[in-house]
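For the sequence shown, my numbering assigns the number 8 to the initial residue and increments by one for each residue that follows.
Don't be surprised by glycine CBs; every beta carbon is placed ideally from N, CA and C.
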Amino acid sequence: MSFSSQTKQELCRQEPERDCCRKAECYGIFLFGGNFSVSGVSFQTENAAVAHRAAQEAAEAAGVYAEIVSSIVRRGGKTTYSVSIPGEDQRRRLLHGCFHRSAEVNLRVREENFRSDCCLQAFLRGAFLCCGTVTDPTKGYDAEFSVPYMRLASDLCALLSRAGGLGLQPALVNRQGRFVVYLRGGEAVADLLAYLGAQNAAMELMQAKMLKEMRNNLNRRNNFETANIDKTASAAARQRLAIERIRDAVGLDALPEDLRELAQIRYENPDLSLRELGSLLPQPMSRSGVNHRLQRIVEFAERL
Ligand SMILES: [Zn+2]
């Protein structure tokens with residue numbers, strides 16, 4: 008099951024606490040179907056839990072009954088559920104109960120339906136159940152609402168940005184004739200899911216994000232360490248070459264006394280770190296002391 012479906016199922020297991028919220032959620036579900044007029048109220052979903060939730064809300068909050076018709080798309084074998092309100096009388100009752108007139112050219116969100124914050128939350132939950140999706144957190148952090156009308160989408164955008172004081176910053180884009188309101192980023196999407204009531208999904212997302220960050224940090228550190236090892240190895244190789252050159256050209260005895268012993272030890276121990284080399288000297292020396300002398304050896308060779 009997709010992360011989206013899983014999230015919606017979790018939301019459908021929540022019972023709205025108050026009647027006002029039940030009505031607001033019912034309103035959100037049917038309004039964002041885009042077909043919300045006296046001549047037809049309907050929406051489609053691939054999620055059985057959402058279809059049943061909508062029918063239950065319609066009955067309990069608005070006193071109208073909904074029809075659910077399931078059909079299987081032949082290719083892919085996906086089941087789609089069409090939820091509709093049959094009968095003009097029923098539709099009129101639902102619409103007027105939600106402060107909509109019988110004939111409206113532009114479908115807008117009627118804010119009279121949620122004067123308190125609890126109802127706004129329920130309404131947005133309904134909108135998400137109807138037209139929302141959320142990306143699997145192992146692939147990315149996006150939440151989207153695909154809305155059929157521009158004005159409805161910008162109303163939704165405005166409501167999301169004031170939802171629960173979360174400071175969400177939704178954006179709006181026209182994608183192939185649909186108006187997509189979206190949120191990007193792990194924190195924002197997790198905040199939205201938790202606000203709508205999907206605590207488990209929000210937690211799963213944050214865990215996936217944490218894991219990913221940990222893995223990235225590990226990789227970065229590994230890369231850093233590998234780079235350092237390469238640097239050490241190439242420095243040692245350069246020093247060995249320099250020592251060979253001195254030995255072949257003038258003999259190691261030509262080196263000043265304080266460099267001679269170190270040159271011998273370095274040549275015999277190409278894998279040792281500077282600190283280890285320092286401890287092998289008859290008079291042990293610090294890392295920076297060893298480094299300084301090795302540089303002088305290399306410079307000596309370069310002058311030959
Ligand atoms: Zn309420």
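Near D143, which residues of its chain fall below 6 Å by C-beta distance, leaving aside the five closest residues on each side in sequence? Scanning its chain for C-beta atoms nearer than 6 Å, with the 5 sequence neighbours on each side dropped, one finds around D143 the residues F10, in chain order.
Classification of H107 by the beta-carbon crowding that lies within 10 angstroms, buried from 16 upward: H107 comes out buried.
Using 8 Å for Cβ pairs, my map puts A249 next to A308. What's the rounded Cβ distance? With 8 Å as the limit, A249 and A308 qualify as a contact, their Cβ atoms being about 4 Å apart.
Got a sec: does ligand 1 put a non-hydrogen atom nearer than 6 Å to the Cβ of C137? Outside the cutoff, so no.
Classify M217: buried if its beta carbon has 16 or more other beta carbons within 10 angstroms, exposed otherwise. Its Cβ having fewer than 16 others within 10 Å, M217 is exposed.
Taking DSSP's pairing of strands, which residues face G47 in a bridge? In the DSSP assignment, the residues bridged to G47 are S44.
Please report the distance separating the alpha-carbon of G184 from that of E151. In a straight line, the C-alpha of G184 is about 15 Å away from that of E151.
Where does R245 land, buried or exposed, given buried means 16+ other C-beta within 10 angstroms? The residue is exposed, with fewer than 16 neighbouring Cβ atoms inside 10 Å.
Please state the DSSP three-state secondary structure of N54. N54 carries a coil assignment under DSSP once its states are collapsed to helix, strand and coil.
First through last residue of the alpha helix (DSSP H) which encompasses D265: For D265, the enclosing alpha helix (DSSP H) starts and ends at E264 to E275.
State yes or no: is the C-beta of A209 within less than 7 Å of the C-beta of A195? With contacts defined as CB atoms closer than 7 Å, A209 and A195 fail to qualify as a contacting pair.
Sub-7 Å separation of P277 and R247 beta-carbons: Their beta carbons are under 7 Å apart, which means P277 touches R247 by this criterion.
CA-to-CA distance, E220 to E400, given in whole angstroms: An answer regarding residue 400 cannot be provided, because it is not within the stretch 8 to 311 covered by the chain.
What residue does the alpha helix (DSSP H) around F37 start on, and which one ends it? For F37, the uninterrupted alpha helix (DSSP H) segment begins and ends at D26 to L38.
Exposure of Q176, with buried meaning 16 or more beta-carbon neighbours within 10 Å: So Q176 counts as exposed.
For ligand 1, is there a heavy atom less than 6 Å away from the beta-carbon of R158? No, ligand 1 has no heavy atom inside 6 Å of this Cβ.
Any 3 or more C-beta pairs closer than 8 Å across the segment 13-22 and the segment 94-113: Using a C-beta cut-off of 8 Å, the segment 13-22 makes no contact with the segment 94-113, since fewer than three inter-stretch Cβ pairs fall below that distance.
C-alpha distance - S293 paired with R282, whole-angstrom precision: Approximately 6 Å, taken between the alpha carbons.
Straight-line Cα distance separating G258 from R273: Distance between the alpha carbons of R273 and G258: 15 Å.
Look at G171 and Y148 and say whether their C-beta atoms are less than 7 Å apart. Against a cut-off of 7 Å, the Cβ pair of Y148 and G171 comes out as no contact.
Contact under 7 Å by Cβ, F186 with V154: Yes, Cβ-Cβ distance for F186 and V154 is below 7 Å.
Three-state secondary structure (DSSP) at R169? It is coil, neither helix nor strand.
Straight-line gap, R254 to R310 (C-alpha atoms, nearest Å): Rounded to the nearest angstrom, the gap between the Cα atoms of R254 and R310 is 14 Å.
C33 beta carbon near ligand 1 (any heavy atom closer than 6 Å): Remark: the C-beta of C33 is outside contact range of ligand 1, defined as less than 6 Å to any heavy atom.
Inter-residue Cα distance where the pair is A65 and F135: Straight through space, the alpha carbons of F135 and A65 are spaced by roughly 17 Å.
According to DSSP, is E74 helix, strand or coil? E74: strand per DSSP, three-state reduction.
Helix, strand or coil for I92 per DSSP? Coil, per DSSP.
Between the alpha carbons of F130 and Y34, how many angstroms are there, rounded? If you draw a straight line from the Cα of F130 to the Cα of Y34, it comes to about 7 Å.
Please find out if some non-hydrogen atom of ligand 1 comes closer than 6 Å to the beta-carbon of R25. The answer is yes for R25.
In this structure, how does DSSP classify G139 when only helix, strand and coil are distinguished? DSSP, read as helix, strand or coil, puts G139 in strand.
With a threshold of 6 Å (Cβ to nearest heavy atom), would C126 be considered close to ligand 1? Yes.
Taking just the CA atoms, how far does N223 sit from L279? Answer to the nearest angstrom: the Cα atoms are 30 Å apart.
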